[in-house]
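Scroll down for the structure; my scribbles are underneath it.
Chains as they are written, first to last, in our numbering: chain Y, 899 to 1049; chain L, 899 to 1049.
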């Protein structure tokens, strides 16, 4: 998945200026999921901890990345957007942190792709979270929708 | 409110690097609420529209600003954190955008301050949204909590 990792890192930091400003770095991409690491400094708030918007953005990016990779693997051209999400902030983060997103189960991934390939909207729910010192500090429950190209 | 506007602008962009990177600019602060404007370029995504994380972050900042001002007006020292929120993305944003947050009703604001002044946690619900071309493009429902200083 070295090629995928390189492609995803470039997609995030070359095409999304905020991801670059946040210093997102793909740490791991494998059969389990995706782990992105972030430094505290560019993501800090007035209290010296990670800004809620930065944690939300990191999780939104991590969640978006997995269905994006599914589309790429299947050679499907489709815009992938987030429809709604719920964020819970559980504990302050006072140092570098990670966002981890596990692959959804295979049935959900297959149904997502099948819908898009049939020209319908494909939907996939993802639940990335923020880790700091091995503690879960924030969670996101998000639904992403792939919009098949009408071209 | 010129002094407040200056103070809030400095708080956001001097203490929160992401707010600076996003180019947040307080456009209006009055008895109705707060309006922050943002350029598209630093907040763009791979599709040429506003990144969901940027819109979420802008709304989180707008929502946070109002109880922060209530605390400042009352001379209360307290950390103000976001506990949970729900974001709905309604329409793509392909140009400069604004985030608008209205003041909650006076009863809610007074109860929030009374709790903090009594040494309890003060909670306030806020519902900022994103505007682009006079259209509501995203909404946030968030609950903020003021944690009284234990010092």
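Cβ atoms here follow ideal geometry from the backbone N, Cα and C, with glycine treated the same way.
#### Entry: CA nearest to the CA of residue 1017(L), picked from 1043(L), 1004(L), 1006(L) and 997(L)
1043(L)
### Task
Return the first residue and the last residue of the alpha helix (DSSP H) that residue 1025(L) is part of.
Note, residue 1025(L): premise wrong, no alpha helix (DSSP H); not H, not E.
#### Entry: Run of the alpha helix (DSSP H) containing residue 979(L), from where it starts to where it stops
In the DSSP assignment, residue 979(L) falls outside any alpha helix (DSSP H) and lies within the beta strand (DSSP E) extending over 976 to 987.
### Task
Keeping to the same chain, check which residues put their C-beta closer than 6 Å to that of residue 947(L); ignore five residues upstream and five downstream.
990, 991 and 992
### Task
Name, please, each residue of chain Y whose Cβ falls closer than 9 Å to the Cβ of residue 940(L).
915, 916 and 919
### Task
Using three-state DSSP, classify residue 968(L) as helix, strand or coil.
helix
### Query
Is there a Cβ from chain Y that is less than 9 Å from the Cβ of residue 959(L)?
yes
### Message
I need the DSSP call for residue 946(L), collapsed to helix, strand or coil.
### Response
coil
### Query
For residue 1047(Y), which three-state DSSP category applies?
coil
### Query
Which of the three DSSP states, helix, strand or coil, is assigned to residue 1038(Y)?
strand
### Message
residue 995(L) and residue 938(L) - do their beta-carbons sit closer together than 9 Å?
### Response
Taking 9 Å as the Cβ cut-off, residue 938(L) and residue 995(L) qualify as a contacting pair.
### Query
Where do the ends of the beta strand (DSSP E) carrying residue 926(Y) lie?
923 to 927
### Query
Just checking my contact of residue 980(L) with residue 956(L) at CB under 8 Å: how many whole Å lie between their CB atoms?
In fact, because the Cβ distance is near 13 Å, the residues do not count as touching under 8 Å.
### Query
Quick one, which residues of the stretch 979 to 999 of chain Y are near chain L if we go by CB-CB under 8 Å, in chain order?
979, 980, 981, 982, 983, 984, 985, 986, 987 and 990
### Message
How far does the beta strand (DSSP E) with residue 938(L) in it extend, from its first residue to its last?
### Response
Careful: residue 938(L) lies outside any beta strand (DSSP E) and carries neither H nor E.
### Task
Answer with buried or exposed for residue 975(L), where buried requires no fewer than 16 other C-beta atoms within 10 angstroms of its C-beta.
It counts as exposed.
#### Entry: Three-state class that DSSP yields for residue 931(Y) in the structure shown
strand
#### Entry: Span separating the alpha-carbon of residue 922(L) from that of residue 911(L)
7 Å
### Query
For residue 999(L), which residues does DSSP report across the bridge?
932(L)
### Query
The alpha helix (DSSP H) spanning residue 1016(Y) covers which residue range?
No residue range can be given for residue 1016(Y), since it is assigned to no alpha helix (DSSP H) and is classified by DSSP as neither H nor E.
#### Entry: Cβ contact (3+ pairs, closer than 8 Å) linking the stretch 900 to 916 of chain L and the stretch 1001 to 1012 of chain Y
Taking 8 Å as the limit for Cβ pairs, the verdict is that the stretch 1001 to 1012 of chain Y does not touch the stretch 900 to 916 of chain L.
#### Entry: Whole-angstrom distance between residue 954(L) and residue 1038(L), CA atom to CA atom
7 Å
### Query
Whole-angstrom Cβ separation of residue 985(L) and residue 1041(Y), contact assumed at under 8 Å?
Their Cβ separation, rounded to whole angstroms, is 11 Å, which puts residue 985(L) and residue 1041(Y) out of contact at 8 Å.
### Task
State the CB to CB distance for the pair residue 902(Y) and residue 967(Y), rounded to an integer number of angstroms; the pair is presumed to be in contact (CB under 8 Å).
6 Å
### Query
Are the CB atoms of residue 1022(L) and residue 964(L) nearer to each other than 9 Å?
yes
### residue 1049(L), buried or exposed, once every other Cβ within 10 Å from all chains shown has been counted against 16
Residue placement at residue 1049(L) is poorly supported in this model, since its pLDDT is 47, which falls under 50; the coordinates are not used for a value here.
#### Entry: Proximity to residue 962(Y) [Cα-Cα], best of 1036(Y), 1034(Y) and 1026(Y)
1026(Y)
### Query
What residues from chain L crowd round residue 945(Y), counting only those whose CB sits closer than 7 Å?
977
### Query
Alpha carbon to alpha carbon, how far is residue 930(Y) from residue 1028(Y)?
Rounded to whole angstroms, residue 930(Y) to residue 1028(Y) spans 16 Å at the Cα level.
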